[in-house]
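Chains A and B supply the protein sequences, listed in that same order. The letter at position 49 of the first sequence is residue 49 when you use our numbering, and the numbering goes up by one with no holes. Take any residue in the second sequence, note its place counting from 1, add 260, and you have its number in our numbering. Positions of the beta carbon are idealized from the N, C-alpha and C atoms, including for glycine. The structure presented is a predicted model; accordingly, all values stated were derived computationally and were not measured. Note sheet for the following structure.
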Amino acid sequence: MRQVIRVASWIYALAVYGFIFLPVVVLVLFSLQSTSFPIPPFTGPSLRWYDAVLSDARLTSALLNSLLVAVLSSATAVTLGFLSAWGFARFVLPGSGLLRGLITLPLTVSYLIIGMGLLVLFNWGGVPKSLLAAGIGHVVINLPLCFAIIYSQMGDHQINIERAARDLGAPEWKVLLLITVPVMAPAIFAGFFLSMTFSWDEFVISFLLTRFDTTLPVEIWNLLRSGLNPKTNAVGSLVFAVSIVLVVLFELTLLRRRKP
Amino acid sequence: MTAPLVDIRGVSHRFGQLAVLKNVSLRIEPGSYTILLGPSGSGKTTLLSILGGFVTPSEGKVFIRGEDCTSVPPAKRPTTTVFQDYALFPHMSVGGNVGFGLRMQGVDGTRRAAKAREALALVGLASAFDKKPHQLSGGQRQRVALARALVIEPAVLLLDEPLGALDLKLRRQMQDELKAIQKRVGTAFIHVTHDQEEAMALADHCVVMNDGRIEDEGPPERVYARPATRFSATFMGESTILAGTVMKATNGAITVSTPAGAILLPGPQPAGTSIALAIRPEYLRLGETKGDIALGSAKVSDVVFQGSFKRVLATSALDPALQFIAKAPASTTVQAGDTVVVSCNADDIIQLAD
Numbered sequence: 001m002r003q004v005i006r007v008a009s010w011i012y013a014l015a016v017y018g019f020i021f022l023p024v025v026v027l028v029l030f031s032l033q034s035t036s037f038p039i040p041p042f043t044g045p046s047l048r049w050y051d052a053v054l055s056d057a058r059l060t061s062a063l064l065n066s067l068l069v070a071v072l073s074s075a076t077a078v079t080l081g082f083l084s085a086w087g088f089a090r091f092v093l094p095g096s097g098l099l100r101g102l103i104t105l106p107l108t109v110s111y112l113i114i115g116m117g118l119l120v121l122f123n124w125g126g127v128p129k130s131l132l133a134a135g136i137g138h139v140v141i142n143l144p145l146c147f148a149i150i151y152s153q154m155g156d157h158q159i160n161i162e163r164a165a166r167d168l169g170a171p172e173w174k175v176l177l178l179i180t181v182p183v184m185a186p187a188i189f190a191g192f193f194l195s196m197t198f199s200w201d202e203f204v205i206s207f208l209l210t211r212f213d214t215t216l217p218v219e220i221w222n223l224l225r226s227g228l229n230p231k232t233n234a235v236g237s238l239v240f241a242v243s244i245v246l247v248v249l250f251e252l253t254l255l256r257r258r259k260p
Numbered sequence: 261m262t263a264p265l266v267d268i269r270g271v272s273h274r275f276g277q278l279a280v281l282k283n284v285s286l287r288i289e290p291g292s293y294t295i296l297l298g299p300s301g302s303g304k305t306t307l308l309s310i311l312g313g314f315v316t317p318s319e320g321k322v323f324i325r326g327e328d329c330t331s332v333p334p335a336k337r338p339t340t341t342v343f344q345d346y347a348l349f350p351h352m353s354v355g356g357n358v359g360f361g362l363r364m365q366g367v368d369g370t371r372r373a374a375k376a377r378e379a380l381a382l383v384g385l386a387s388a389f390d391k392k393p394h395q396l397s398g399g400q401r402q403r404v405a406l407a408r409a410l411v412i413e414p415a416v417l418l419l420d421e422p423l424g425a426l427d428l429k430l431r432r433q434m435q436d437e438l439k440a441i442q443k444r445v446g447t448a449f450i451h452v453t454h455d456q457e458e459a460m461a462l463a464d465h466c467v468v469m470n471d472g473r474i475e476d477e478g479p480p481e482r483v484y485a486r487p488a489t490r491f492s493a494t495f496m497g498e499s500t501i502l503a504g505t506v507m508k509a510t511n512g513a514i515t516v517s518t519p520a521g522a523i524l525l526p527g528p529q530p531a532g533t534s535i536a537l538a539i540r541p542e543y544l545r546l547g548e549t550k551g552d553i554a555l556g557s558a559k560v561s562d563v564v565f566q567g568s569f570k571r572v573l574a575t576s577a578l579d580p581a582l583q584f585i586a587k588a589p590a591s592t593t594v595q596a597g598d599t600v601v602v603s604c605n606a607d608d609i610i611q612l613a614d
């Protein structure tokens, strides 16, 4: 009986992990296909489709656009998130709880709603569809996240450190720059890398808010309209690899925080 | 008369409805070591925060070197604080921590490092310059915090329970060092503590606080030997307290009726005044009447051996509410359950304002 349960639990575990990882494995495997169709039998390994991706000007410029939007929107989101977290943690504000709730509310709103809302707003305000518009959209979705991460790490034990700096003659901006930011650096980097991850493979908002220059996920979608081929697999694998790197960086910065 | 270094005039402070300081006035002389002593909630830390500029008092004024500093921010006043948790900058080296105040003053790197090394040598940590705060022990961090606060040569150094986080042995050792460093640099130190031994060991000027008021202040010897109030008689060391009423007043002498019998003392009070008398444990005598005032007999409830002496607790036979606290020689044979005769000398009785 015990044997049966053991076997059953192994099968269950394999099924769950298979369900989660099989699509990714298939994607990566057939990106190494040497023939023109990403279907069995496997004919690789070959890097020709990666070569094709990197020599495709549209895809590489979309890749650079994605990186640009991810870096700039994440830097903006983390800066604004840090400043609001610092404000909420250090000053007594009227209705502080309500305001904190409001700032994290976009986390619960779907990207589609945010994207449509911004589209309407930008139309009305005369902001053209562009990478800038998509970047603003990414700030909207990532700012609450950065705020939540940084605010949760901003404990009372840093208050005395900031006080000590002020006591030794530091003006407020130097307290922030020389003391608070370095002390909070792990949370700030964690917020930055997580924002990068979300911005990097975000599709809906970018799709709604860009036109000529687009980000990589939108370009992949364009590519997919002409059917599957190993090139789409290769570019998908690249997106996946970058996401993995960002998530690992995020984990590392958070872990370093825990053992000072 | 020269102006005092720090002059606190009629300071009151409230946190919401709660009054934590009630019309406190205090003067601090240059080069003195002042201890603010009191239980938690007595307002001593708030008073220190007001001196440091972290709290602006609801009422009253603070003058430092004759200048009104009441609402001057911490960065701009000639005080520095050593925080209870040290508040070292965790991302900077020890040298960076100590040099921070000089860096804010725009002192260049070379001179800054030289002065920081000097300050570290003063606290006996010359070798720690390149270490990070987390590599140091609690006592060493304490010294770094002290060096960091002293290096910018403040007029007044404020210490918020600086020894509170250290174990007893280290605390006594740091206590001696603090005093030595203070004498060497000559800066006025104001030190908050609830430890009366620390207060007696360090203070030139001891300020006993309770419930937002100053109960008593003066040299620790005077505060101990002649406490002004009942609170300071019990907080600064222990005392046996006799509550009584003046029965008869004649030519500067009074007869006080107490639970331990009538006591004849010199004093100006008219008949009918309530009065409290305190006797320090070392002045209570046990055994056949040795002192000139008999305090009746008492049943010993506890004898605690403390090394150089024995602490004896006894309950009066005349009034079970009256507890005697006495310090007997280590060789005494008194045991719990014994009945002893208690007495003292009239000179050793302290009259307290109630």
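query, result
"Can you list, in chain order, the residues of its chain with a C-beta nearer than 8 Å to that of residue 270 (chain B)? Leave out the 5 residues immediately preceding and following it.", "283, 284, 285, 319, 320 and 321"
"Taking only beta-carbon atoms, is residue 24 (chain A) less than 9 Å away from chain B?", "no"
"Taking 9 Å as the threshold (beta carbon to beta carbon), is residue 92 (chain A) in contact with chain B?", "no"
"Which residue or residues does DSSP assign as beta-bridge partners of residue 148 (chain A)?", "For residue 148 (chain A), which the question treats as bridged, DSSP gives no partner whatsoever."
"So does the region 329-346 of chain B actually touch the region 135-149 of chain A, counting three or more Cβ pairs closer than 8 Å?", "no"
"With a cut-off of 9 Å, does the C-beta of residue 168 (chain A) fall near any C-beta of chain B?", "yes"
"Output, in chain order, the set of chain A residues within a Cβ distance shorter than 7 Å of residue 365 (chain B).", "169"
"Give the residues of chain B in contact with residue 161 (chain A), contact being defined as C-beta atoms less than 7 Å apart.", "347 and 349"
"Could you pull out every residue in the same chain whose Cβ sits closer than 8 Å to the Cβ of residue 316 (chain B), ignoring the five residues on either side in sequence?", "310, 330 and 331"
"At a CB-CB cut-off below 9 Å, which residues of chain A make contact with residue 314 (chain B)?", "163, 166 and 167"
"So, for residue 234 (chain A): in the same chain, excluding its five sequence neighbours on each side, which residues have a beta-carbon less than 6 Å away from its beta-carbon?", "31, 49, 50 and 53"
"Could you spell out where the alpha helix (DSSP H) holding residue 475 (chain B) opens and where it closes?", "Premise fails: residue 475 (chain B) lies in the beta strand (DSSP E), 473-478, not in any alpha helix (DSSP H)."
"Our contact map puts residue 352 (chain B) next to residue 169 (chain A) with C-beta atoms below 8 Å; I'd like the distance itself, whole angstroms only.", "Between residue 169 (chain A) and residue 352 (chain B) the Cβ distance is about 15 Å, and since that is not below 8 Å, they are no contact."
"Have a look at the DSSP bridge pairing and note the partners of residue 447 (chain B).", "For residue 447 (chain B), which the question treats as bridged, DSSP gives no partner whatsoever."
"Would residue 324 (chain B) count as contacting chain A if we go by Cβ distances under 9 Å?", "no"
"If the criterion is Cβ atoms closer than 9 Å, does the pair residue 361 (chain B) and residue 412 (chain B) meet it?", "yes"
"Are there 16 or more other CB atoms within 10 angstroms of the CB of residue 261 (chain B), so buried, or fewer, so exposed?", "Note that residue 261 (chain B) has pLDDT 48, beneath the 50 cutoff, so the model's placement of it is unreliable and the number below is only indicative. The residue in question, residue 261 (chain B), is exposed, as its Cβ has fewer than 16 Cβ neighbours within 10 Å."
"Counting only Cβ pairs nearer than 9 Å, list the residues of chain A close to residue 412 (chain B).", "168 and 169"
"Would you please verify whether the beta carbon of residue 183 (chain A) is less than 9 Å from any beta carbon of chain B?", "yes"
"Output yes or no for whether 9 Å exceeds the beta carbon distance between residue 313 (chain B) and residue 294 (chain B).", "no"
"Could you say which of B:573, B:578, B:490 and B:566 lies nearest to residue 595 (chain B) if we only look at CA atoms?", "B:573"
"Could you tell me the distance, in whole angstroms, from the CA atom of residue 259 (chain A) to the CA atom of residue 245 (chain A)?", "Bear in mind that a pLDDT of 47 at residue 259 (chain A), under 50, signals an unreliable position, so the model cannot answer this."
"Whose C-beta lies closer than 8 Å to the C-beta of residue 471 (chain B) among residues of the same chain, with five residues either side of it excluded?", "282, 301, 302 and 303"
"Does any C-beta atom of chain A lie closer than 9 Å to the C-beta of residue 361 (chain B)?", "yes"
"According to the neighbour-count rule (16 or more other Cβ atoms, all chains shown, within 10 Å of its Cβ), is residue 395 (chain B) buried or exposed?", "exposed"
"Mind listing the chain A neighbours of residue 334 (chain B)? Cutoff is C-beta to C-beta under 8 Å, in chain order.", "163, 166 and 167"
"Report yes or no: do three or more beta-carbon pairs, one from the region 341-350 of chain B and one from the region 390-404 of chain B, lie closer than 8 Å?", "yes"
"Would you mind giving the Cβ-Cβ distance between residue 515 (chain B) and residue 522 (chain B), rounded to the nearest angstrom? I have them listed as a contact below 8 Å.", "6 Å"
"Who pairs with residue 517 (chain B) in a beta bridge, going by DSSP?", "B:505 and B:522"
"Confirm, please, whether the CB-CB distance from residue 452 (chain B) to residue 296 (chain B) is below 9 Å.", "yes"
"Determine which residues share a DSSP beta bridge with residue 470 (chain B) and list them.", "B:473"
"Going by Cα to Cα distance, which pick from B:592, B:540, B:576 and B:577 is closest to residue 563 (chain B)?", "B:592"
"Using CA coordinates, which residue listed in A:209, A:153, A:36 and A:149 is at the minimum distance from residue 127 (chain A)?", "A:209"
"Who are the Cβ neighbours of residue 554 (chain B) in its own chain at under 6 Å, not counting the five residues just before and after it?", "603"
"Would the region 61-80 of chain A count as touching the region 209-219 of chain A if we require 3 or more Cβ pairs under 8 Å?", "yes"
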